[in-house]
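Written out below as structure tokens is the structure these notes cover.
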Amino acid sequence: MNTPTSCTSLWFLVLLFCFLLCFHVGTCVSITPQYTTLTVAGSMYMDTISDHYALSEYVPLSKPSAAVMNEKNELFVADTNHHVIRVLYPNSTSRVYAGLGTAGFNGDGMHALLTQFHTPIGLSLTPNGDLYVADSGNGRVRKISASTRIVTTLISNQELSTPVGVFAMTNGDVYVTDSTKGLVKHYNATTGIVSLVAGGGSASRNGALATNTKLVSPYGIHVMEMLLLSSILKLLQFFRQVKAQQQVSSIVQIQHSYLKSTQQHQA
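Residue numbering for the sequence shown is -28 to -1, 1 to 239, as defined by mature numbering (1 follows the signal peptide of the UniProt record, and there is no 0).
So this is what it looks like as structure tokens:
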């Protein structure tokens, strides 16, 4: 029969073993019985484009860059280097949702499975199921209608160079980061007008006007309540907030793979 003392001793030995293992192999082992890590999709043993896989864990992903889930628990994945978007279903099956598997641009107005994409990176879903894609290699933001699966371009390569992050609002407005030009832009779904939100300037101080701020390779973007934009700056290594009143504040600095919180202050 296990006594409290014997149980405590056993637990101590387990922790000691893990510590010695970490020290020996240089790997941190975390004991979290309430959580498990499962592979949802991706296989290092296969490298083909197929329309259907019986098990999503066999899907060969090449540099997956984004994943979004709808209310049906269907997971959409940007299979970037395969130039397709895949959908993983709750029953663990997978299908190609959009793209031909070869990089290029063959126009708009066609079914998603007949439309070419080039290095799709960012994805965003609206509540009605429409999927928005940062078609990075084509310099476009494109929309895949949930009802028809027809693809249309919302923001063309006349406005963007390398779109990476995309976020669609419930009203159809879209925010996108242009990594090459260092910009954040906004698409108005009502007017079709594309306007600059942040970037394009030279200022790097806190409190500067957003459109006077220098952004270096902005990556992901998320729109929060009261139009608070968060843009991950990949190379400048700053995580900034673009407030509704058009001011920029650095809130986290990333240095040598460590996150160090910094206090917000007024310029």
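Note that CB positions come from ideal geometry on N, CA and C, so glycine has one too.
Taking 7 Å as the cut-off, the Cβ atoms of E131 and V166 count as close. Judged by DSSP secondary structure, H158 falls within the beta strand (DSSP E) whose first and last residues are L155 to Y159. Rounded to the nearest whole angstrom, the CA to CA distance from D145 to T124 is 14 Å. By the beta-carbon neighbour count (other beta carbons within 10 angstroms, threshold 16), H83 is exposed. Rounded to whole angstroms, the Cβ separation of P135 and V156 is 11 Å, and the two are not in contact under 8 Å. The continuous beta strand (DSSP E) containing F48 extends over residues L47 to D51. The C-alpha of Q219 lies about 5 Å from the C-alpha of L181.
Taking a C-beta distance under 7 Å as the contact criterion, I93 and Y147 do not qualify as a contact pair. Within the DSSP bridge table, the entry for R112 names D107 as partners. DSSP places L168 in the strand class (E or B) of the three-state scheme.
Contact between Q88 and G71 holds, since their C-beta atoms are separated by about 7 Å, short of 8 Å. Listed in chain order, the non-local C-beta contacts of H90 below 8 Å within the same chain comprise H55, A75, G76, F77, D107, S108, G109 and N110, local neighbours out to five positions each way being set aside. For the 7 Å CB-CB criterion, P99 and T142 form a contact. Annotation for P99: no beta strand (DSSP E) segment contains it, and DSSP assigns it neither H nor E. Under the 10 Å beta carbon count, R114 is surrounded by 16 or more other beta carbons and is classified as buried. In terms of CA proximity to V138, V40 leads the group V40, R177 and S176. Membership of T185 in any beta strand (DSSP E) is not indicated, and neither H nor E is assigned to it by DSSP. Per the coordinates, the alpha-carbon of S96 lies some 20 Å from the alpha-carbon of G81.
For T149, the enclosing beta strand (DSSP E) has its first and last residue at V146 to D150. Secondary structure of H90 (DSSP, three-state): coil. When C-alpha distances from S119 are compared across L103, G154 and G73, the shortest belongs to L103. The C-beta of S133 has fewer than 16 other C-beta atoms within 10 Å across all chains shown, which makes the residue exposed.
Looking at the backbone, the Cα of Y61 and that of A175 are separated by about 46 Å. Burial check for R177: the Cβ neighbour count within 10 Å stays below 16, so the residue is exposed.
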